[in-house]
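What follows is a short report on a single structure.
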Amino acid sequence: MAEYGFSVSGVDLPGANDLFGVWTMVPKTTGVSFDANAPAAPADPTWRVQLPESAEAAQAILQTQGLAIRRGESALAQAEQRLARLGHAGESVSFAALAGPEAELLRALNTLQPSVSFGLPGKEAIGEQLENLAQWRSFLDQVRNMVTHYARVETEVAGVLVGQTSVGWTGDFESIWTPGVASASMRLHHQSVHLALASRLAFIRMVTIVATGAAGLALTLSIPGGQLMALPAVWKFVRDVLQEMSNIKSQV
Amino acid sequence: MAETSLQDAVKKFASDLAAKVNTFVADIASLEVYTFTTSPDQAAAVFKGPADFANLSIEARAALRAYTKVAFEGDTVVWVPTDANGEVNKSVWDLHQTVVKQAMENRAQMIKTVGDAAASALKALGVAGG
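Protein sequence lines, in the order shown, are assigned to chains A and B. Start counting the first sequence at 1; every next residue gets the next number (my numbering). Start counting the second sequence at 1001; every next residue gets the next number (my numbering).
Below you can see the structure in the form of structure tokens.
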């Protein structure tokens, strides 16, 4: 397949270096530019798509990436359903019958219960909870940033920028095109914008899935501090399910 | 300690999203779509610099070619791009129309998703007594 790139800057998915296996996270640069004329780096989250010159090859790449995002959306829906099942099962849920992300989640939630019969959580378990807490907080910041800032999407075909679009939270669009840009390149940019916006929506939707899932579990498992304390563990569960689905896909 | 810091993080998230939802009526009062073009020699500066669309035409770095504003009550303002001879520039116009459609679809999804996220965060705070 021809060379291509999908990257996003101004956004970090804590604990991961890609989003849905499509977008590579570009870390924030901390360096200082000594060129006074150098344009300032965009503050808005920027989704950058680099495609080959062949329109057919570029289309094929965009379709493959679109499929990956739809798979990510399905994985999120699956995480939501699995959380709902756990919430309904509540205290009747059997540890022995569970494996994978569910078992890990219940183990983490049990360490939050004072009546836990498995003894005090170990140093490792506490360290893991603190790590999840830090990642969840960072994730919330990222999503807040996505809603309060424009999404900026840039499409490059054969190394030449063909279009740039900025999209506000309520959908105002501002696009810039190079004159005479081929209609095939225009279509490619539209598809890039679509992929970026679908990814942004999925990112925001993760918050709802985590918060709603934590509410169901906190109620049935009687966790002190309610769903607030359960959020980091549920956040990890959702990410584990995404990873699990990604692993299944790569084995097929 | 962890609970307080977590509560603060969720509170900030919920309050920022709630602020967005509070400006909801003003924000969705109209949907605006701008289509600019820029000359190849200006493209590098326009594309790489910070997106400051308000000043693009003023600085002559990019030209506004088409504009659509759809007001909540149904009023619509449309600027149609024309060539030097006054003919409608079909390629720019088709392109602009596609973006308008995409913008309207995205708006509906975005408002629902952000509303759901804000509600779930507020619920988390409510349950925690925050």
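Beta carbons are placed, not taken as given, at the ideal position from N, Cα and C, and that holds for glycine.
Where residue i sits in the DSSP three-state scheme
{"i": "A/V11", "result": "coil"}
{"i": "A/R71", "result": "helix"}
{"i": "A/A103", "result": "helix"}
{"i": "B/S1071", "result": "The sequence as given places Ala at residue 1071 of chain B; Ser does not occur at that position. The answer is strand: DSSP assigns B/A1071 an E or B state."}
{"i": "A/F34", "result": "Any reading at A/F34 must be qualified, since the residue scores a pLDDT of 45, below 50, and its modelled position is unreliable; no value is offered."}
{"i": "A/W169", "result": "coil"}
{"i": "A/L112", "result": "coil"}
{"i": "B/T1037", "result": "strand"}
{"i": "A/V238", "result": "helix"}
{"i": "A/E80", "result": "helix"}
{"i": "B/D1016", "result": "helix"}
{"i": "B/D1094", "result": "helix"}
{"i": "A/V253", "result": "A query on residue 253 of chain A cannot be resolved here, the shown segment of chain A reaching from 1 to 252 and no further."}
{"i": "A/D44", "result": "coil"}
{"i": "A/S192", "result": "helix"}
{"i": "A/S222", "result": "coil"}
{"i": "A/H88", "result": "helix"}
{"i": "A/I204", "result": "helix"}
Own chain partners of residue i with C-beta closer than 6 angstroms, once the 5 adjacent residues on each side are dropped
{"i": "B/V1033", "result": "T1068, V1099, V1100, A1103"}
{"i": "A/I176", "result": "Q164"}
{"i": "A/V147", "result": "W169"}
{"i": "A/G235", "result": "Note that residue 235 of chain A is Trp in the sequence shown, not Gly. Hits under 6 angstroms: W136, V210."}
{"i": "A/E174", "result": "S166"}
Proximal residues to residue i (C-beta, below 7 angstroms), its chain only, five neighbours per side dropped
{"i": "A/L188", "result": "L51, A58, L62, T155, V157"}
{"i": "A/E102", "result": "R82, L86"}
{"i": "A/D12", "result": "M25, S138, Q142"}
{"i": "A/V131", "result": "First, the amino acid is wrong: residue 131 of chain A is Glu here, not Val. Excluding sequence neighbours, A/E131 sits near nothing in its chain."}
{"i": "A/R70", "result": "none"}
{"i": "B/A1124", "result": "V1010"}
{"i": "A/A38", "result": "Legend: pLDDT at A/A38 = 48, less than 50; position of this residue unreliable, value from coordinates given subsequently. Correct list: empty, nothing qualifies."}
{"i": "A/V241", "result": "A75, Q78, A79, R82, P101"}
{"i": "A/A184", "result": "A55"}
{"i": "A/F34", "result": "Its pLDDT being 45, under 50, A/F34 is placed unreliably in this model, and the coordinates cannot settle the point."}
For residue i: DSSP bridge partner residues
{"i": "A/Q164", "result": "A/E154, A/I176"}
{"i": "A/M25", "result": "A/V8"}
{"i": "B/L1064", "result": "B/F1036"}
{"i": "B/L1031", "result": "B/V1070"}
{"i": "A/Q50", "result": "A/G5, A/E156"}
{"i": "B/W1079", "result": "B/Y1067"}
{"i": "A/L19", "result": "A/W23"}
{"i": "B/V1088", "result": "B/T1082"}
Neighbourhood of residue i by C-beta distance below 8 angstroms, restricted to the same chain and skipping five residues each side
{"i": "B/V1092", "result": "T1035, T1037, R1065, A1066, P1081"}
{"i": "B/S1120", "result": "none"}
Any chain D beta carbon closer than 7 angstroms to residue i
{"i": "B/V1033", "result": "The displayed structure is made up of protein chains A and B, and chain D is not among them."}
The segment 1073-1087 of chain B: positions lying closer than 7 angstroms to chain A by Cβ | None of the residues of the segment 1073-1087 of chain B has a beta carbon lying less than 7 angstroms from any beta carbon of chain A.
Beta carbons nearer than 9 angstroms to chain A: which residues of the segment 1095-1111 of chain B have them? Correct list: L1095, H1096, T1098, V1099, V1100, Q1102, A1103, M1104, E1105, N1106, R1107, A1108, Q1109, M1110, I1111.
Along the segment 172-184 of chain A, where does the CB come closer than 8 angstroms to a CB of chain B? Name the residues. Flagged, chain order: D172, F173, E174, S175, I176, W177, T178, P179, S183.
key: Contact list for the segment 130-162 of chain A against chain B, Cβ threshold 8 angstroms   = Result list: L130, L133, W136, R137, L140, D141, V143, R144, V147, T148, Y150, R152, E154, L161.
Can you list, in chain order, the residues of the segment 60-82 of chain A whose Cβ is nearer than 8 angstroms to any Cβ on chain B? For the segment 60-82 of chain A, the beta-carbon criterion of a distance under 8 angstroms to any beta-carbon of chain B is satisfied by none of its residues.
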